[in-house]
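**Student:** So the sequence lines, in the order shown, correspond to chains A and B. Counting in our numbering, the first sequence tops out at residue 1048, every number present. Counting in our numbering, the second sequence tops out at residue 1048, every number present. Pasting a structure below so you can have a look.
Number of protein chains: 2
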Amino acid sequence: MKNIKSYVQENKQRFLDELIELLKIPSISADSAYKEHTINTADVVAKSLKDAGCDVVEICETEGYPIIYAHKIIDKDLPTVLVYGHYDVQPPDPLNLWTSPPFEPVIKTTDLHPEGAIFARGACDDKGQMYMHVKAMEFMTKNNTLPCNVKFMIEGEEEVGSVNLGKFVKQNQDKLSNDVILISDTGMIAQDTPSITTGLRGLSYVEVEVTGPNRDLHSGLYGGAVANPINVLTKMIASLHDDNNHITIPGFYDNVEELSLDERAQMAKAPFSLDKYKAALDIDAVYGEEGYTTNERNSIRPTLDVNGIWGGYTGEGAKTVIASQAFAKISMRLVPNQDWENITDLFKNHFESIAPKGVKVKVTPHHGGQGYVTPIDSVGYQAASKAYQETFGKTPIPQRSGGSIPIVALFEQELKSKTILMGFGLDSDAIHSPNEHFGVWNYLKGIETIPYFYKYFTEMYK
Amino acid sequence: MKNIKSYVQENKQRFLDELIELLKIPSISADSAYKEHTINTADVVAKSLKDAGCDVVEICETEGYPIIYAHKIIDKDLPTVLVYGHYDVQPPDPLNLWTSPPFEPVIKTTDLHPEGAIFARGACDDKGQMYMHVKAMEFMTKNNTLPCNVKFMIEGEEEVGSVNLGKFVKQNQDKLSNDVILISDTGMIAQDTPSITTGLRGLSYVEVEVTGPNRDLHSGLYGGAVANPINVLTKMIASLHDDNNHITIPGFYDNVEELSLDERAQMAKAPFSLDKYKAALDIDAVYGEEGYTTNERNSIRPTLDVNGIWGGYTGEGAKTVIASQAFAKISMRLVPNQDWENITDLFKNHFESIAPKGVKVKVTPHHGGQGYVTPIDSVGYQAASKAYQETFGKTPIPQRSGGSIPIVALFEQELKSKTILMGFGLDSDAIHSPNEHFGVWNYLKGIETIPYFYKYFTEMYK
């Protein structure tokens, strides 16, 4: 496959222009105000798959946003790769922290990306990484180097829990049948340190509501005499962690997979500088569960974080009011063997049980998903490893990610195949944050590496 | 003064129309977006004082909103009453809880107000109660029954701390010299139970800011490994009260005036139904400092309430983010002998001291004021008491209010005169809340009662 490198170079500008057009569409699945844009994005992605050489491209309607299914079957006896990705993005706020508008992509250079990086919401998560696969497909079809069958399944609800994708997969097992699932929606350790993600955390995301008096009250006339929903909410949330930052929800840790000291020692070998980590975030100290390192805390341990909180007067100046209600969005990252629905129930029961008299508490589950761990001795993993060696000249390091792709566990359950997570982003790409970006080098490197995965997977599969 | 009753009846509709026009202007001092409206309100009030018979009316510019000064001096040997009020109002949000727009006044009947109540922001606090004095002045000048000299000082920054009024008072002691200060900016126990407020709580209002990482982070990649500013803020706020709901700030209670059991027994005689209180707020239990009754908790005891909190994603749906910052607005109601500036310092030092590693904490004082207690044996109190007996046929009950009028303590200090707090509103008038209203009966009763205060104060003063 000598010519992949040159093909990428020759088409570099077009590859960038096409991605930039895709990034201009604000496909924010969490906010219904962007419904039309999100649907338009599906059309654009579908067309790009047709152009890339897929024989069949379908826009499959769901109760939510459409799922794009596409395939090119060249020989029933050859293995089939199913590529998954998503075209929806996270909300961009807080907008004031973006140095350029989130949906007006621009290429800027950074210390880590001297060749430039595309700044836009979705640049890395996941439009940019998803589009690498479209362009890799284009290369293989245009150059007759596609060695196997390929199927694409690109959804628009990953950032809101993939509820409809779950149903779609259960209802279309034959259509989606495959020998390996390939996803680029994770990161790698560093530009010079390729890695393959072998574990993902599960997720349980809930919203809580504390209601006190039936109306906002004057804090002078009522202050001190009625339960203040905001004060109560802070007390309830604070009680969810003990002094060692262990989570206090009864039963929360019951099924947590405890890694052996040997496995933890293996993990510790990954290059990591705590000083650089703190400097990059401008924090004077890390924080977390006693007895675990930073890399363990954000990968093999479950967590509970408040993602948003609001109540009372939040405008300019002062208002002496006791709010009638206070709210918070809370998510728990889970590790293998923790069932997200069970954890959601444990949270709900516990949170409702600790409500003091004088307030009413409501817990509303948003969405969730199971964690996932993939073995490193599978054909898929080995093929991916060889692909990275080909283009990076290094053997990738297996690593557990703290992130979640809730649908992956369901894929294995329903489609009976392993998922390979080939990520080309960096932690510093600021996904889910203001100024999300994706290195031009990473984008092109991904397009260059993916065809090798197809090659080696097909060879090794025989 | 036989004809005050008939004068009020004859002019009832005009009195209501004039107040409604005043209430239409959104004079929200906390929000600079309403600057022009707030300044216009000052002009309208100034004109009404001129029309009411004041000889001198001045709009005194300040660094903030103007202060209206007006007077009518009929005889230097007669006593002088200084009337204070404010034309600014609290922000109206949350707007969705209003049954009619806050600045489109309408008269609706309620169980407590069968004759109707004016629904609008500022109806009771304080435009309606301030305007009672303008109309009482009109009556006395038009009917040649003004028995003494009168001065008016109406400000536009009471809801944001009266900073410029404080300077104005210090700089104009001769101009403002008086024998008693009269204010209607409080409430009474019930329609059939007139009361005079003899105590006000002080106030310290601060804003806190907790900063963790220098940008919003993906809660999967970083969750559990860095301090989450929202989780930290909830822990810090929760720690400000112990299990008995005592405030934990060192030194907070050092100067708190402890009432004798006898004084508390006197207070307990005021008519109060805990069941009705809970029913009116739709709460199953009251809440507060151990060892004190509801009426003690909201009047003679200091408190700490969060008035607003915000951070992270608060929009529709879910966003898995760790916010870079979290914020809260916190106010403390203080009792006599607690110095608000000292308490503000104690809060600041304590709050900064409990910040865990990994975050930076900033405390910004908004404003504050001292508490106040007035004796019930003063000429002013006795005159007010007789005025209520005249129009309500009952002796008013002295009561401590949980509210704050920060400037009152400064009046006594700078002008060396006592303040009499004749309030005609009800706790149920929802001041500072959606659907603030003021009973038509209360409004007219106030106009009817005030001239008697002038009469008896002048007689008793001799």
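Note that CB positions come from ideal geometry on N, CA and C, so glycine has one too. Bear in mind the structure is a predicted one, so any value in this text is a computation, not a measurement.
Answer yes if the segment 729-738 of chain A comes into contact with the segment 957-975 of chain A, meaning at least three C-beta pairs across the two stretches below 8 angstroms, and no otherwise.
**Tutor:** Output reads no: the segment 729-738 of chain A does not touch the segment 957-975 of chain A.
**Student:** For Pro688 of chain B, go through chain A and note every residue whose CB falls closer than 7 angstroms to its CB, in chain order.
**Tutor:** On the second sequence, position 102 is the one that residue 688 of chain B refers to. Those do not exist, as Pro688 of chain B stays about 12 angstroms from chain A at its closest Cβ, beyond 7 angstroms.
**Student:** Looking at the C-beta of Pro1020 of chain A, does it have a partner C-beta in chain B at a distance below 8 angstroms?
**Tutor:** What you label residue 1020 of chain A is simply residue 434 of the first sequence in a count that begins at 1. It does; some Cβ of chain B falls within 8 angstroms.
**Student:** Report all residues from its chain with a CB closer than 7 angstroms to the CB of Ala973 of chain B; omit the five preceding and five following residues, and keep chain order.
**Tutor:** The residue you call residue 973 of chain B lines up with position 387 of the second sequence. These residues qualify, in order along the chain: Thr1035, Tyr1038, Phe1039, Tyr1042.
**Student:** Is the Cβ of Leu920 of chain A closer than 8 angstroms to any Cβ of chain B?
**Tutor:** As a working note, residue 920 of chain A is residue 334 in the first sequence. By this cut-off, Leu920 of chain A is not an interface position.
**Student:** Just verifying my parser: in three-state terms, what is the DSSP assignment at Gly546 of chain B?
**Tutor:** Given that chain B is displayed from residue 587 to residue 1048, the structure contains no residue 546 of chain B and the question cannot be resolved.
**Student:** How would you label Asp829 of chain B, buried or exposed, when you count the other beta carbons within 10 angstroms and need 16 or more for buried?
**Tutor:** Within the second sequence, residue 829 of chain B is the residue found at index 243, counting from 1. It counts as exposed.
**Student:** Answer yes or no: does any C-beta atom of chain B fall closer than 8 angstroms to that of Glu622 of chain A?
**Tutor:** Translated into positions along the first sequence, residue 622 of chain A becomes position 36. No - not a single Cβ of chain B is within 8 angstroms of the one on Glu622 of chain A.
**Student:** Does the beta carbon of Pro700 of chain A come closer than 8 angstroms to any beta carbon on chain B?
**Tutor:** Looking up residue 700 of chain A in the first sequence gives position 114. It does not: the Cβ of Pro700 of chain A has no partner Cβ on chain B nearer than 8 angstroms.
**Student:** For Ile823 of chain B, which residues in chain A fall below 9 angstroms Cβ to Cβ?
**Tutor:** Translated into the one-based positions of the second sequence, residue 823 of chain B becomes position 237. Ordered by position in chain A, the residues that pass the 9 angstroms Cβ test against Ile823 of chain B are Ile816, Asn817, Thr820, Lys821, Ala824.
**Student:** Using alpha carbons as the reference points, say which of A:Ser618, A:Met718, A:Leu681, A:Gly837 lies closest to Lys598 of chain A.
**Tutor:** Numbered from 1 along the first sequence, position 12 holds the residue referred to as residue 598 of chain A. Checked all of A:Ser618, A:Met718, A:Leu681, A:Gly837; the closest Cα to Lys598 of chain A is A:Met718.
**Student:** Pairing CB atoms from the segment 783-800 of chain B with CB atoms from the segment 978-998 of chain B, are three or more of them under 8 angstroms?
**Tutor:** These segments touch.
**Student:** Please classify Thr950 of chain A as buried or exposed, where buried requires at least 16 other C-beta atoms within 10 Å of its C-beta.
**Tutor:** To locate residue 950 of chain A, count along the first sequence from 1; it is residue 364. Exposed, by the Cβ-count rule.
**Student:** Kindly indicate which three-state DSSP category Glu876 of chain A falls into: helix, strand or coil?
**Tutor:** The residue you call residue 876 of chain A lines up with position 290 of the first sequence. Here Glu876 of chain A sits in coil by DSSP.
**Student:** Classify Gln999 of chain B as buried or exposed, calling it buried when 16 or more other Cβ atoms lie within 10 Å of its own Cβ.
**Tutor:** Stepping through the second sequence from its first residue, residue 999 of chain B is reached at position 413. Per the 10 Å Cβ criterion, exposed.
**Student:** Give a yes or no on whether the C-beta atoms belonging to Gly798 of chain A and Ile869 of chain B are separated by under 8 angstroms.
**Tutor:** For the purposes of this step, residue 798 of chain A is taken as the residue at position 212 of the first sequence. For the purposes of this step, residue 869 of chain B is taken as the residue at position 283 of the second sequence. The answer is yes: Cβ separation under 8 angstroms.
**Student:** In this structure, does DSSP put Ser770 of chain B in helix, strand or coil?
**Tutor:** Indexing the second sequence from 1 puts residue 770 of chain B at position 184. Coil.
**Student:** Taking the straight line between their C-alpha atoms, what separation do you get for Ile653 of chain A and Thr685 of chain A?
**Tutor:** For the purposes of this step, residue 653 of chain A is taken as the residue at position 67 of the first sequence. For the purposes of this step, residue 685 of chain A is taken as the residue at position 99 of the first sequence. Each residue's alpha carbon lies about 32 angstroms from the other.
**Student:** Could you spell out the range, first to last residue, of the beta strand (DSSP E) harbouring Asp1118 of chain B?
**Tutor:** With chain B covering 587 to 1048 only, the question about residue 1118 of chain B has no answer from this structure.
**Student:** Closer than 8 angstroms, CB to CB, is Pro677 of chain A near chain B or not?
**Tutor:** Walking along the first sequence from the start, residue 677 of chain A turns up at place 91. Answer yes: the Cβ-Cβ gap between Pro677 of chain A and chain B drops below 8 angstroms somewhere.
**Student:** Would a check of beta-carbon distances place Asp771 of chain B closer than 8 angstroms to chain A?
**Tutor:** Start at 1 with the first residue of the second sequence, and residue 771 of chain B comes out as number 185. Taking Cβ atoms only, chain A never reaches closer than 8 angstroms to Asp771 of chain B, which makes this a no.
**Student:** So, with DSSP's three-state summary, where would you put Asp891 of chain B?
**Tutor:** By one-based count along the second sequence, residue 891 of chain B stands at place 305. Of the three classes helix, strand and coil, the one that applies to Asp891 of chain B here is strand, per DSSP.
**Student:** Once the 5 residues before and after Glu724 of chain B are set aside, which same chain residues still bring their CB inside 8 angstroms of it?
**Tutor:** Along the second sequence, one-based indexing puts residue 724 of chain B at 138. Only Asp637, Ala638, Gly639 meet the Cβ criterion.
**Student:** Quick check on the DSSP output: what are the complete beta strand (DSSP E) runs of length 3 or more inside the segment 622-691 of chain B, in order along the chain?
**Tutor:** Whole beta strand (DSSP E) segments, 3+ residues: 642-646, 653-658, 666-672.
**Student:** Mind pulling the beta strand (DSSP E) runs of 3 or more residues that sit fully within the segment 997-1026 of chain A?
**Tutor:** You should have 1005-1007, 1023-1025.
**Student:** Where do the N-terminal and C-terminal ends of the alpha helix (DSSP H) with Val921 of chain A fall, by residue?
**Tutor:** Looking up residue 921 of chain A in the first sequence gives position 335. Note, Val921 of chain A: premise wrong, no alpha helix (DSSP H); not H, not E.
**Student:** Between which two residues does the alpha helix (DSSP H) carrying Phe978 of chain A extend?
**Tutor:** Counting from one through the first sequence, the residue named residue 978 of chain A turns up at place 392. Unbroken alpha helix (DSSP H) run through Phe978 of chain A: 965-978.
**Student:** At 9 angstroms on the CB atoms, spell out the chain A contacts of Ala776 of chain B, in chain order.
**Tutor:** Your numbering for residue 776 of chain B matches position 190 in the second sequence. None at all; the shortest Cβ gap to chain A is about 14 angstroms.
**Student:** Of the residues A:Asp931, A:Tyr791, A:Thr1005, A:Asn1021, which one's Cα is nearest the Cα of Asp963 of chain A?
**Tutor:** Here residue 963 of chain A corresponds to residue number 377 of the first sequence, with the count starting at 1. Considering only alpha carbons, the answer is A:Thr1005.
**Student:** Which residues in chain B sit within 8 angstroms of Glu902 of chain A, going by Cβ to Cβ distance?
**Tutor:** The residue you call residue 902 of chain A lines up with position 316 of the first sequence. Ordered by position in chain B, the residues that pass the 8 angstroms Cβ test against Glu902 of chain A are Ala616, Asp617, Ser618.
**Student:** Is it buried or exposed, Ser592 of chain A, if we count other Cβ atoms within 10 angstroms and call 16 or more buried?
**Tutor:** Translated into the one-based positions of the first sequence, residue 592 of chain A becomes position 6. Under this definition Ser592 of chain A is an exposed residue.
**Student:** With 8 angstroms set as the bound, which would you pick, yes or no: does the beta-carbon of Trp896 of chain A sit closer than that to a beta-carbon of chain B?
**Tutor:** Residue mapping note: residue 896 of chain A aligns to position 310 of the first sequence, counting from 1. Yes, Trp896 of chain A lies at the interface with chain B (some Cβ there is under 8 angstroms from its Cβ).
**Student:** If I follow the unbroken beta strand (DSSP E) through Ser781 of chain B, where does it start and stop?
**Tutor:** In the second sequence, the residue the question calls residue 781 of chain B occupies position 195. First-last of the beta strand (DSSP E) with Ser781 of chain B: 781-786.
**Student:** Starting from Thr950 of chain B, follow the beta strand (DSSP E) in both directions and report where the run begins and ends.
**Tutor:** The sequence position of residue 950 of chain B within the second sequence is 364, counting from 1. 946-955 is the extent of the beta strand (DSSP E) around Thr950 of chain B.
**Student:** Which chain A residues sit within Cβ distance under 9 angstroms of Ile1017 of chain B?
**Tutor:** Taking the second sequence and counting its residues from 1, the one referred to as residue 1017 of chain B is at position 431. Within chain A, the residues near Ile1017 of chain B are His804, Leu807.
**Student:** Look up Gln777 of chain B in the DSSP assignment and say whether it is helix, strand or coil.
**Tutor:** As a first step, residue 777 of chain B is located in the second sequence; it is residue number 191 there, counting from the start. It is coil, neither helix nor strand.
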